[in-house]
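Each residue of the sequence shown is one higher than the one before, starting from 1 at the first, in full-length UniProt numbering. From the three backbone atoms N, C-alpha and C, an ideal C-beta is built for every residue, glycine too. Working notes, beginning with the structure itself.
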Amino acid sequence: MGSATFSPGSGAIYDITTTSPVAHVLHLSHAASEAMRQEAESALEAHQQAAAEYSQQLDQPDFHPFVSLPAGTLQRDLSNGQRLFVLPDGTFLGTTDQEHFVFVDSAGVPYQIPEHDGKVTLPDSRVFELVPEARATHATDWIQGLPAGVHPVQVADGRFRIVFATGLRLDVSIPDRRVVLLNPTATVIELGKKIQAIGEEIQVNLVDNGGRGFSALESQHRGFIDQSGDILLSLVSGEDLAITFPTQDQNGEENPHRYYQCGGPV
1 MGSATFSPGS
11 GAIYDITTTS
21 PVAHVLHLSH
31 AASEAMRQEA
41 ESALEAHQQA
51 AAEYSQQLDQ
61 PDFHPFVSLP
71 AGTLQRDLSN
81 GQRLFVLPDG
91 TFLGTTDQEH
101 FVFVDSAGVP
111 YQIPEHDGKV
121 TLPDSRVFEL
131 VPEARATHAT
141 DWIQGLPAGV
151 HPVQVADGRF
161 RIVFATGLRL
171 DVSIPDRRVV
181 LLNPTATVIE
191 LGKKIQAIGE
201 EIQVNLVDNG
211 GRGFSALESQ
221 HRGFIDQSGD
231 ILLSLVSGED
241 LAITFPTQDQ
251 NGEENPHRYY
261 QCGGPV
């Protein structure tokens, strides 16, 4: 810093050099002011960034449990804790507490739709992906009637394992349309295209509509397999299970989704 002069108003002229105490004070004051200015600018930038991030969060729609839905979808949180989505074409998609989704088409026809492989496929072929934590919640729609606290564990694509408090284990294969019961007594029952047992005797009765009734003599499980392959299973412990499998479309190709209108499956 070079020298400088100033007049305090009395007419006297003072010389301020770099070694002057006054110069030192002025230098410190300037440095403090500059530090305060930089701190204020940093605080302002942080505030602006936080405000922008908050605004962005408000602008982004919350489509949980879906990863995303079409632009223009409206979302409502219902008083019962479920969520309703109004899609841009005027159709409705909603969550339920019964481990399936509800879809209402443009004609007002309601459908119950299960989750399959982490996705929900509408009757009009639109597919919406679920967030990972929501997928297991709705996987049990293939298997209805499970007691509280008992949940299927997915062991492979389309394959689930269910273990009951009694020690009974059910292995359900959706692609194979088969259920295998492994009893605590080590007997095994296979239900599907074939009805057979290992370690115990099982009786099979044919009915007029193409279905088959069955009764295991030792484990005392019984039930019915209808013409489509769906299984109604009454366990000796008192649970009544309904296990549904994929249907086939008009071209004979397998459709892994079953839709339910009011009154039954379609």
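Task: Sequence-distant residues of its chain with Cβ nearer than 8 angstroms to Pro70 (five each side left out) - done: Leu87 and Pro88
Task: Segments of 3+ residues assigned as beta strand (DSSP E) that fall wholly inside the segment 53-130 - done: 74-77, 83-86, 92-95, 101-104, 110-113, 119-121 and 127-129
Task: Residue interval of the beta strand (DSSP E) (run including Ile202) - done: Ile202 to Leu206
Open item on the list: For a minimum of 4 consecutive residues, which ranges assigned as the alpha helix (DSSP H) are wholly contained in the segment 179-232?
Closed with: none
Task: 6 angstroms Cβ shell around Leu122 - same chain, five flanking residues per side excluded - done: Phe103
- [ ] Taking all protein chains shown into account, decide if Pro184 is buried (16 or more other Cβ within 10 angstroms of its Cβ) or exposed.
- [x] exposed
TODO: Put Ser173 into one of helix, strand or coil per three-state DSSP.
DONE: strand
- [ ] Work out the CA separation of Ser173 and Ala231 for me, nearest whole Å.
- [x] According to the sequence provided, residue 231 is Ile. The question's Ala does not apply to it. One C-alpha to the other measures close to 12 angstroms.
- [ ] Tell me whether the beta-carbon of Pro65 lies closer than 8 angstroms to the beta-carbon of Leu130.
- [x] yes
Task: Contact check, Leu146 vs Leu74, beta carbons under 8 angstroms - done: no
- [ ] State the start and end residues of the unbroken beta strand (DSSP E) segment that holds Phe160.
- [x] Arg159 to Val163
Task: Straight-line gap, Gly108 to Val153 (C-alpha atoms, nearest Å) - done: 35 angstroms
Open item on the list: Given this structure, state the Cα-to-Cα distance separating Val127 from Gly94, to the nearest angstrom.
Closed with: 14 angstroms
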